[in-house]
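Protein chains in written order, with this note's numbering: chain V, 1 to 236; chain X, 1 to 234; chain C, 1 to 279.
C-beta: ideal position from N, C-alpha, C; glycine also.
Computed from a predicted model, the values in this text were never measured in an experiment.
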Amino acid sequence: MAEAMLPLDARGLGIRFGDVQALRDVDLAIEAGRRIAVLGANGSGKSVLLRTLHGLLVPTTGTITFAGRAERPRSQAMVFQRPVMLRRTALANVEYALGINGTAPADREQLARRAIARVGLSHIARRQARALSGGEQQRIALARAWALEPALLFLDEPTSSLDPAAAGEVERIVQEIHAAGTTVVMTTHNLGLARRFADEIFFLDAGRLTEVTPAERFFSAPASREAALFLAGELP
Amino acid sequence: MSDILASFALAVRLIAGADRELRRIVSLSLEVSLAAALMACAIGLPLGAWIAVHRFRGRRVAIVFLNALLGLPSVVVGLLVYLLLSRAGPLGSLGILFTPTAIVLAQTLLVLPMVAALCRQMVEDGWGEYREQLTSLGVSPARAVPTLLVDLRFSLLTVVLLGFGRAASEVGAVMVVGGNIDGVTRVMTTAITLETTKGDLPLALALGIVLILVVLAVNALAYALREWSARRHG
Amino acid sequence: MNPLRCLERLTAGGITAAFAAALAPAAQAATAQDFITVASTTSTEQSGLFKYLLPEARKALGFDVHVVAVGTGQALDMGRRGDADVVFVHDRPAEEKFLAEGQGVKRYEVMYNDFIVVGPGNDPAHAKGSDVVEGFRRIAQAQAPFVSRADKSGTHSAELRYWKMAGIEPKGTWYRETGSGMGPTLNTASGMNAYTLADRGTWLSFRNRGELAILVEGDKRLFNQYGVMLVNPAKHPDVKKELGQRFIDWLVSPQGQQAIAGYRIDGQQLFFPNAGTGS
């Protein structure tokens with residue numbers, strides 16, 4: 001699966017909203033099997049970059065290819081900072097995603113149940129999704145994404161709205177998803193999480209991708225001044 | 001005053017005894033209003049939802065036009081439908097004028113803008129909430145319409161109820177296209193008008209009480225639905 | 001089976017289902033082809049005559065008669081548009097004009113009732129008597145409040161004729177035009193304690209009399225003749241001419257005439273059949 005669509009190559013990516021240039025001249029490659037954390041100050045363009053790579057935003061300039069092809073493959077998923085659940089049960093939410101993805105009706109329930117079991121929430125599968133706690137909803141969102149068996153998973157600040165216990169659970173699940181073969185790209189401002197999780201860092205500064213570095217090197221000896229300031233906590 | 005009290009007492013007796021004429025008028029009213037509400041929703045809900053999720057040239061004009069139709073005076077609708085259905089008019093040979101169908105048609109046209117405008121607003125808000133997630137899952141705007149309509153089912157049900165209430169309260173248009181024919185197109189509102197002008201208060205009062213009860217019940221139901229949905233879904 | 005997914009499918013096909021539900025009453029109405037539409041007047045409707053007469057007609061004829069009650073002018077206009085099969089009104093000049101325009105086939109006299117002048121019980125204008133023209137003259141002289149229907153109805157036309165006969169053009173604050181039917185006009189007169197011209201039928205079933213009483217009656221000129229006409233199928237091909245003519249034939253037949261005479265309020269006969277005695 002991963003061989004078919006990765007590496008994802010972005011060249012000269014730029015995106016402009018009115019007067020604001022949110023991304024400029026971004027060149028990057030996402031190789032299969034990576035665990036990538038996208039870091040940067042507030043407003044540096046992390047969320048915009050993720051959305052552009054995932055296809056939610058259309059770049060003003062530049063190209064994105066998947067294993068050399070321009071066609072955007074479907075085998076990707078995204079989990080947002082605040083989980084978005086339909087007004088139905090947790091199980092039904094996962095089944096819905098499977099349905100859109102083309103899963104046969106007869107298989108949906110079984111696959112959905114399995115996904116929910118993997119995130120440890122079988123006991124609340126039949127509860128109304130929106131009545132669950134924030135942490136539980138986020139785990140269901142992960143189950144939903146995981147059930148689609150994506151080659152590439154984007155996560156936009158997945159733990160930022162959660163308390164530490166829930167955040168820990170989410171981190172564990174994301175590690176499991178990666179271990180199962182999905183390439184993961186995550187934005188976060190939780191440096192501890194980035195340090196534990198990532199093997200590669202993309203660092204954004206005012207819309208420019210200024211560093212693409214293996215994680216260890218980034219945290220011990222960042223190349224750019226902005227990155228150093230960021231790690232030192234000087235940048236917001 | 002004692003006249004009115006006496007009429008009131010007679011009215012209560014008519015209701016309690018399920019007076020035959022009263023029953024006939026009430027059931028016809030409920031039938032046509034329900035049919036009109038359903039038709040208005042069958043057209044208006046998908047229409048409102050479609051406008052909400054699609055970007056097209058002239059979208060803003062469509063929305064403004066839809067909202068403007070909310071203020072359309074009902075007697076104008078009555079006149080338009082009359083001209084349409086009159087034997088001298090384009091649809092005359094259908095022979096629908098002065099039948100319950102004409103009433104359903106007029107009420108549907110009256111309720112349709114309300115349903116479409118409300119639905120558009122609700123779906124647009126819903127689409128705002130869900131757009132990124134649904135797009136991420138591969139749901140196109142067109143495919144999103146049924147999903148959103150189902151997701152908003154409780155809110156939309158209250159829209160249906162409001163539409164029903166509006167249809168049931170209509171007098172002018174119904175009088176014009178229905179003709180208030182005894183036993184055929186006489187509904188609660190037109191019957192109240194007739195009986196009041198005849199000075200025959202007991203039947204008018206009885207009908208008025210029933211009509212108020214219907215409207216109250218509809219609004220209470222809509223309120224209860226909203227509350228239940230909020231508790232269930234958070 | 002996930003109930004919500006079923007709902008989703010239904011929404012997509014919802015239009016068909018709802019249309020079917022909505023057209024049910026329409027279907028019922030469409031199959032009941034055996035009925036005619038008669039345009040008549042509000043005063044006739046409000047007198048309760050049709051409630052009594054139409055079931056008799058149904059028994060005799062085997063089809064329904066749907067009466068749309070509007071003012072005489074409007075009833076004839078309905079005939080002109082072809083929206084009625086039969087017109088049944090009480091304004092001879094207007095009916096003759098209708099015939100002259102070729103809108104009606106033939107005019108049959110059916111029945112008459114009478115107009116009365118009602119007014120405040122203490123009769124400040126001293127209009128009481130059996131001379132309607134004199135009564136109107138006195139009301140105008142006293143400038144006593146008078147309520148007029150002013151709505152192109154048969155009653156209104158009659159009222160204007162009496163003013164003309166009295167040589168008076170009614171103008172001034174004492175002359176109030178309501179532009180409405182007999183019932184509302186009586187309500188207004190009752191509320192204002194004013195004089196007005198009414199048909200006996202509506203008066204007898206009118207419950208809100210206040211201090212009003214009958215002051216002028218019996219004048220031959222107060223007789224109110226009803227005529228019935230079939231709307232001309234030559235001008236309006238959709239007119240149900242066979243059923244319409246059968247209804248007219250029944251109205252002027254001995255059975256129909258007897259039925260009309262049989263209608264009473266508080267023991268009083270309202271309408272006096274006189275078919276075959278005129279045009």
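Exposure label - residue i; buried when at least 16 CB within 10 Å
| i | result |
| --- | --- |
| Gly134(V) | exposed |
| Glu159(C) | buried |
| Glu31(V) | exposed |
| Ser93(X) | exposed |
| Tyr280(C) | The requested residue 280(C) is not part of the displayed model; chain C covers only 1 to 279. |
| Glu45(C) | buried |
| Trp228(X) | exposed |
| Lys171(C) | exposed |
| Ala29(C) | Low per-residue confidence applies at Ala29(C): pLDDT is 48, beneath 50, and the placement is therefore not dependable, though the value from the model is reported in the following sentence. Flag for Ala29(C) reads buried. |
| Tyr223(X) | exposed |
| Asp163(V) | exposed |
| Asn113(C) | buried |
| Asp123(C) | buried |
| Met83(C) | Before going on, a small fix: residue 83(C) reads as Asp here, not Met. Classification of Asp83(C): buried, given that the 10 Å Cβ count is 16 or more. |
| Ser40(C) | buried |
Cα-Cα separation, residue i to residue j
| i | j | result |
| --- | --- | --- |
| Gly252(V) | Ala37(X) | Only positions 1 to 236 of chain V appear in the structure, and residue 252(V) is not among them; the question remains open. |
| Leu10(X) | Asp266(C) | 19 Å |
| Ile36(C) | Phe247(C) | 9 Å |
| Pro55(C) | Ile63(X) | 51 Å |
| Asn208(C) | Ser7(X) | 11 Å |
| Thr193(X) | Gln128(V) | 49 Å |
| Arg139(V) | Ile173(V) | 8 Å |
| Val32(X) | Ile260(C) | 34 Å |
| Ala221(V) | Glu200(V) | 14 Å |
| Arg34(V) | Thr213(V) | 12 Å |
| Leu137(X) | Gly12(V) | 27 Å |
| Ala117(X) | Asp19(X) | 39 Å |
| Ser47(C) | Ala198(C) | 11 Å |
| Phe164(X) | Met229(C) | 40 Å |
| Ile51(X) | Gly58(X) | 11 Å |
| Thr99(X) | Val187(X) | 12 Å |
| Gln175(V) | Glu169(V) | 10 Å |
| Asn187(C) | Asp151(C) | 16 Å |
| Leu148(X) | Ala49(X) | 8 Å |
| Ala173(X) | Gly135(C) | 40 Å |
| Lys220(C) | Thr108(X) | 51 Å |
| Ala191(X) | Gly62(C) | 26 Å |
Same chain, Cβ closer than 7 Å to residue i, neighbours up to 5 away in sequence not counted
| i | result |
| --- | --- |
| Arg130(V) | Met85, Arg87 |
| Leu225(X) | Phe154, Leu157, Thr158 |
| Gln255(C) | Ala60 |
| Ser29(X) | Ala168, Val187, Met188 |
| Val214(X) | Ala168 |
| Gln137(V) | Pro83, Met85, Ala129 |
Near the ligand ATP: residue i beta-carbon under 7 Å from a heavy atom
| i | result |
| --- | --- |
| Val228(C) | Absence of the ligand ATP from the depicted structure is noted, as is the absence of any ligand whatsoever, leaving it without description. |
Neighbourhood of residue i by C-beta, 8 Å cutoff - its chain only, sequence neighbours within 5 removed
| i | result |
| --- | --- |
| Ser47(V) | Asp156, Glu157, Thr187 |
| Arg80(C) | Phe98, Glu101, Gln103 |
| Leu91(V) | Glu109, Ala112, Arg113, Ile116, Ala125, Arg126 |
| Leu49(C) | Gly201, Ile260, Tyr263, Leu270, Phe271 |
| Ser224(V) | Phe203, Asp205, Thr210, Glu211 |
| Ala194(C) | Gly119, Pro120, Ala144, Pro145, Phe146, Val147, Arg176, Thr188 |
Same chain, Cβ closer than 6 Å to residue i, five either side skipped, listed in chain order
| i | result |
| --- | --- |
| Pro73(X) | none |
| Ala77(V) | Ala145, Leu148, Pro150, Leu153 |
| Lys240(C) | Ile36, Asp85 |
| Thr65(V) | Asp9 |
| Arg149(C) | Thr155, His156, Thr185 |
| Arg74(V) | none |
> Of all the residues that make up the segment 75-97 of chain V, which are near chain X by a beta-carbon distance shorter than 7 Å?
Replying inline: Ala77, Met78, Phe80, Val84, Leu86, Arg87, Ala97
> Using Cβ-Cβ distances below 9 Å, what residues of the segment 120-132 of chain V are close to chain X?
Replying inline: Gln128, Ala129, Arg130, Ala131, Leu132
> Does the segment 116-131 of chain X come close enough to the segment 89-107 of chain V that 3 or more CB-CB pairs lie under 8 Å?
Replying inline: no
> What are the residues of the segment 49-79 of chain V that lie near chain X, defined by any Cβ-Cβ distance shorter than 7 Å?
Replying inline: His54, Leu56, Arg74, Ala77, Met78
> Touch check for the segment 65-79 of chain X and the segment 164-184 of chain X: three-plus C-beta pairs under 8 Å?
Replying inline: yes
> Which residues, taken in chain order from the segment 92-113 of chain X, show a beta carbon closer than 8 Å to some beta carbon of chain B?
Replying inline: This model lacks chain B altogether, as its protein chains are V, X and C.
>> Under 8 Å, CB to CB, which of the residues in the segment 99-113 of chain V have a partner in chain X?
In response: Ile100, Asn101
> Which residues, in order along the segment 151-171 of chain X, keep a beta-carbon less than 7 Å from a beta-carbon of chain V?
Replying inline: Asp151
> Looking at chain C, which residues of the segment 197-212 of chain X have a Cβ within less than 8 Å of any of its Cβ atoms?
Replying inline: Thr197, Lys198, Gly199, Asp200, Leu201
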